[in-house]
Every structure is written in C-alpha cells, then in structure tokens.
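In this note's numbering, the protein residues as written are 121 to 513.
A virtual CB, placed ideally from N, CA and C, is assigned to each residue, including glycine.
Written below as structure tokens is the structure these notes are about.
This is the structure:
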C-alpha cells in the first residue's frame with residue numbers, strides 16, 4: 121500500500137498540542153510515544169490495536185499455537201530452575217500467547233505460581249481477561265494484571281514478544297559529517313512533516329560511539345533510528361528478575377548488520393490492515409509504528425545491569441531446537457505444516473525474527489538456544505570480514 125493509496129488526515133489534537141507546547145518542534149521519540157501509548161488516543165494505549173488475521177499485523181503467537189507450545193517448553197525449563205517461579209509477559213496483546221502457554225503448562229502439570237500480564241491499556245486488558253477467563257476459568261486466580269513492572273522481584277521468566285520494536289526511538293540523519301535529530305513539526309499535506317535539527321550533546325555522543333564501532337563510515341543523507349532510553353528499560357527488567365531469564369523475541373539485527381551503509385533509509389515503518397508502509401504521519405494513533413531492534417545494544421545494556429547473554433539465534437533455529445517439529449507430530453497436518461513453514465523458513469519470520477536470552481547468575485540457557493548460537497555476532501569487534509568487505513564494496 122503506497123502513501124498515495126491512503127487518505128491524508130489532520131493530526132490528532134493531542135499531538136498538535138504537544139508540538140505547540142514544545143515550541144513547534146517535537147522529538148520523534150516523543151511523537152511515537154504519543155501516537156502509540158497515549159491513554160485515549162494512542163494505538164496501544166486506547167486498546168485500538170488489532171492483532172492476527174483481520175487485524176493490522178500478525179505475530180508468531182497469532183500465526184500458530186505451535187509457537188506458544190514451543191515457548192511453553194522453554195518456560196517449563198526455566199521454572200524448573202526457579203522453584204515456585206512465576207511468568208511475566210510484557211505487552212500481552214490479544215492474550216493468545218498466554219492462552220496457549222498456560223494450556224500447555226497445565227497439561228504438563230508445570231504451571232507457574234502466577235502469570236503476570238503487564239498491560240497498561242484498559243481496552244487490551246479487557247480483551248485479555250475475556251479470552252483467558254473463557255479458555256482457562258480454572259486458572260483465573262493465578263492471573264494478575266499490572267500497568268507496569270514494579271519494584272517487586274520475581275523468580276522465573278519474563279517474556280517480551282514483539283515489545284522492543286515498539287519502544288519509542290530517536291530518528292537521526294547524517295549530513296555533511298554532522299548528526300541531525302529528526303523531529304516533527306506542523307505542516308505538509310497531512311498536517312505533519314519531518315524537520316531536522318542539530319543533535320544535542322547526548323545524541324551526538326551516542327552516534328559518535330555507534331560510528332566508532334562500525335568498520336565503515338555512514339554516508340551523508342543516511343537516516344536511521346536509535347533507542348536512547350532502552351538501557352533504562354532493560355535495567356528495570358534486570359532489577360525485577362531475582363532469578364531466571366528474560367526472553368526477547370523480535371525482529372532486528374546485531375549492530376553491524378542493522379547499520380549497514382546501504383540501509384540508508386532506516387527501518388522505521390507502520391502496520392495497518394496487514395500492509396506495511398513507511399509514513400509515520402499518515403494515521404497517528406490508528407496504526408502501529410515500529411523500528412528494528414539493535415540486539416547488540418540490548419545485550420550490552422543487560423550485561424551492564426548484571427545479566428548474562430544466555431543465547432542469541434534466529435526464530436527458526438530457536439523453535440527447531442525447542443522441539444516444534446515434535447510438537448507438530450509426524451506427519452503434521454496440512455495446517456500445521458503450513459504454519460511450520462511460515463514460522464521457520466528463511467526469507468520470512470524464521471530468519472527476520474530473533475530470540476535473545478538474558479539470564480541471572482546460575483540460570484542456564486534453555487534448549488531453544490541449543491542449536492546454532494549467534495551470540496558472537498552481537499560483538500561489533502567480531503564483525504565477520506565478509507560483512508566489512510561487502511560494506512566497502
């Protein structure tokens with residue numbers, strides 16, 4: 121769906137007001153926060169988000185119950201190492217993943233003491249309550265909803281499935297050797313437009329550090345994204361976890377692959393009605409806004425907060441090592457076979473989505489990381505020579 125196929129609309133009043141209050145220029149990360157998480161007008165905050173078939177986008181959990189069943193096995197392994205452990209799911213969406221994981225663990229007799237759903241949006245909470253109350257009425261007492269993580273410490277697993285890609289990001293541009301921050305101002309056909317300003321000292325330091333780690337120079341005109349507040353969020357996760365594992369599943373790349381010189385337009389995009397486009401000003405509050413995850417930055421922040429990298433691999437390798445083929449049966453039904461292909465084939469979900477495990481001391485990697493471990497790729501100092509050569513070509 122091209123931008124020409126979508127009708128322009130004037131910006132919502134809460135965004136226009138925020139731009140005016142900021143003096144006419146609003147940093148993009150603040151714009152993204154308002155577009156996604158404003159309690160009345162945000163895409164997620166209002167509960168307007170639509171998942172799965174007929175919605176705006178599919179997640180792996182919505183695509184197939186096999187995904188949730190495979191994750192349930194990983195949860196069971198971590199819970200076995202954390203007696204009386206709990207599960208925490210960040211941004212549970214429609215509640216589909218929780219539904220499948222709880223069902224699988226119930227059948228195996230390995231339920232957590234509590235399943236904590238971190239969901240600030242009342243509308244999405246209602247969807248999750250209805251779904252889980254209908255499918256697991258006997259487990260309602262184990263379910264608990266909170267707006268955000270508190271200072272309460274837990275033992276077990278924290279699941280972040282497609283959460284980090286929706287964290288607000290700072291947009292930047294390289295021009296004449298200088299760093300510019302991309303912000304939002306009023307104007308243009310849709311009422312909003314990009315406006316670039318000289319980056320402040322904090323952003324300049326972050327981008328100078330990024331450039332220093334790359335074996336190529338980012339060219340003039342290069343645009344991309346960086347998450348300056350991500351370290352704080354990762355630190356909160358580490359502080360919450362007394363013992364156990366944080367499991368991230370998201371689309372993204374190690375730093376040296378994400379910031380290739382030829383990826384000069386960044387990864388920022390929007391999802392609406394099962395279509396992707398790159399105009400974040402088209403329908404703020406009515407569609408998802410996302411950017412790929414820098415897994416090097418996430419792992420580094422976690423290690424600074426006291427966690428260790430238990431494993432990093434792509435979705436296909438993780439699910440295969442977690443036993444998804446065995447869960448599907450032999451031979452699988454036509455439906456399961458089609459879902460397996462979608463979840464694991466290269467060129468799609470199987471390769472684009474990555475899994476990162478971040479563990480406390482004494483917690484081993486779950487079996488999903490027992491296949492092809494790509495953790496070495498997270499270290500920019502170990503960039504494969506062929507990647508550097510490709511960038512210089």
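Problem set entry | Where residue 305 falls: helix, strand or coil (DSSP) | strand
For this session: Buried or exposed for residue 372, please, with buried defined as at least 16 other CB atoms from any protein chain shown within 10 angstroms of its CB.
Result: buried
Problem set entry | Identity of the residues DSSP links to residue 342 by a beta bridge | Per DSSP, none; premise fails for residue 342.
Exercise. In chain order, what residues of the same chain lie with their CB nearer than 7 Å to the CB of residue 412, ignoring the 5 residues before and after it?
Worked result: 285, 371, 372, 373, 378 and 387
Problem set entry | Reference residue 134; option with closest CA among 223, 400, 247 and 405 | 405
Exercise. Would DSSP call residue 515 helix, strand or coil?
Worked result: Because the chain in this structure spans residues 121 to 513, residue 515 falls outside the shown range and cannot be described.
Exercise. Looking at C-alpha atoms only, which residue of 446, 502 and 493 is the closest neighbour of residue 187?
Worked result: 446
Problem set entry | residue 483, DSSP secondary structure in three states | coil
Exercise. Exposed or buried, what is residue 270 when buried is set at 16 or more other beta-carbons lying within 10 Å of its beta-carbon?
Worked result: exposed
Exercise. Out of 311, 287, 469 and 145, which has the shortest C-alpha to C-alpha gap to residue 352?
Worked result: 287
Exercise. How long is the line joining the alpha carbons of residue 163 and residue 407, rounded to whole angstroms?
Worked result: 6 Å
Exercise. For residue 450, which of helix, strand or coil comes out of DSSP?
Worked result: coil
For this session: Keeping to the same chain, check which residues put their C-beta closer than 7 Å to that of residue 501; ignore five residues upstream and five downstream.
Result: none
Problem set entry | Reference residue 499, options 231, 140 and 330, closest by Cα | 330
Exercise. Run through DSSP, which three-state label would residue 321 get?
Worked result: helix
Problem set entry | Per-residue DSSP class, three states only, for residue 382 | coil
Problem set entry | Euclidean distance between Cα positions of residue 242 and residue 165 | 8 Å
Problem set entry | Cβ contact check for the segment 465-485 and the segment 424-444: 3 or more pairs under 8 Å | yes
Exercise. On the premise that residue 357 lies in contact with residue 89, defined as a C-beta separation below 8 Å, what is that separation, rounded to the nearest angstrom?
Worked result: Outside the displayed range of the chain (121 to 513) lies residue 89, so it cannot be described from this structure.
For this session: Would you kindly report the start and end of the unbroken alpha helix (DSSP H) that includes residue 195?
Result: 185-201
For this session: Just mark residue 369 as buried or exposed, buried being the case when its beta carbon has 16 or more other beta carbons within 10 Å.
Result: buried
Problem set entry | Pick from 430, 451 and 479 that is closest to residue 493, judged by C-alpha positions | 430
Exercise. Who pairs with residue 277 in a beta bridge, going by DSSP?
Worked result: 207 and 365
Problem set entry | Validate contact between the segment 452-468 and the segment 201-209 using beta carbons, cut 8 Å, 3 pairs | no
Exercise. What is the C-beta distance between residue 305 and residue 295, in whole angstroms, given that I count them as a contact (C-beta under 8 Å)?
Worked result: At roughly 17 Å, the Cβ-Cβ gap does not stay under 8 Å, so residue 305 and residue 295 are not in contact.
For this session: Classify residue 359 as buried or exposed, calling it buried when 16 or more other Cβ atoms lie within 10 Å of its own Cβ.
Result: exposed
Exercise. CA-CA distance, residue 154 and residue 474?
Worked result: 27 Å
Exercise. Residue 427 to residue 366, Cα distance in whole Å?
Worked result: 9 Å
For this session: Entirely within the segment 400-429 and at least 4 residues each: give me those alpha helix (DSSP H) ranges in chain order.
Result: 415-424
Exercise. From this set, 215, 185 and 275, which residue's C-alpha is nearest residue 233's C-alpha?
Worked result: 275
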